[in-house]
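Here's the structure, in structure tokens; my notes come after.
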Amino acid sequence: MEPSTNVLDLNLLRRSCSSCALNELCLPAGIGGDDLTRLDGTVKDKRTLERGGVLYRDGDPFKALYVVRSGSLKTFVQNEAGDTQILGFHLPGEIIGFDALASNRHASQAEALERSSICELPYAQLQQVTSEVPALHRQLMRVISREVVEEHRHLVMMGRQQAQEQLAIFLKSLADRYERLQRDGAALTLTMSRYDIANYLGLVVETVSRLFSRMEEMGVLEVNRKAVRILRPDLLADLCRNGHPTGSRRNDAG
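Just so you know, the sequence shown maps onto residues 1 to 254 in the UniProt record's numbering.
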């Protein structure tokens, strides 16, 4: 059998899951040997999407799940009038495509926010491997559970009355996900636009821009275009709970 390390994607990255920097995020602890070989065999290809590139569209038949290897994507739905609702933003190590499990057709569209590399896992082969590797099946269930938790968190954010609180929860959640990736959770790069953030939170873009400026004035953040540094995680946590830092002099509504 041809060694998997000879199969290269557009970025000349090695195909083998054992050599991937996301190994610990995607795979259960202790998986190795024959189990890794089986998993490598399910990875159909690694593709590169340029910014704005579409991974799948609403209505496309369900064929595979996808691991974000590098870059980031957004998922969204669009009605007949062209109105868009963003459902989520997806970072390296996260798996997308679960929206098609129920009906065997995707119920959303996935689009790259920047140049991104994707691993494709054909679902039929993945099912066979997970049946042979129980630890991998449990890991997949954990990932699905994490997706459900993220959807619940999104609903909680949308239900908050104070816009400041919504934005704070969004930034705190993003910081937590950065830390899970072993990246600096205090130094965020917002690959999504302010419009995308506003759409995701159910706000208008002017409100989001104003709230970023307000959080800078509070000393919570330092904002330089897409680069956001969290200066006071404690104050950000306060904002997540009640829309303003404890002890701050706030008289205006969020």
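We put the beta carbon where it would ideally sit given N, CA and C, even for glycine.
| Asked | Found |
| --- | --- |
| Is there contact between the segment 205-214 and the segment 120-132, where contact requires at least three CB pairs shorter than 8 Å? | no |
| Quick one: Cα of D83 to Cα of Y195, how far? | 13 Å |
| Looking only at DSSP bridge pairs, what is Y66 linked to? | I96, E120 |
| Within the same chain, show all residues whose beta-carbon is closer than 7 Å to that of R232, passing over the 5 residues directly before and after it, in chain order. | G219, V220 |
| Just to confirm the assignment, what range does the beta strand (DSSP E) spanning T191 have? | Taken as a continuous stretch (DSSP letters only), T191 belongs to no beta strand (DSSP E), as it is neither H nor E. |
| Evaluate the contact criterion for the segment 165-182 versus the segment 133-145: three or more CB pairs, one atom per stretch, below 8 Å. | no |
| So, under 8 Å CB-CB, V68 and I96 are touching, yes? Tell me the CB distance rounded to an integer number of Å. | 7 Å |
| Once you ignore the five residues that flank E179 on each side, which residues in its own chain have a CB closer than 6 Å to its CB? | G185 |
| Would you tell me roughly how many angstroms separate the C-alpha atoms of residue 255 and H106, rounded to the nearest one? | Nothing about residue 255 can be read from this structure; the chain reaches only from 1 to 254. |
| For S145 versus G71, is the C-beta spacing smaller than 9 Å? | no |
| Taking a contact to mean a Cβ-Cβ separation below 9 Å, would you say F62 touches Y123 in this structure? | yes |
| Could you work out which residue in E147, L65, G52 is closest to L113 when comparing CA atoms only? | G52 |
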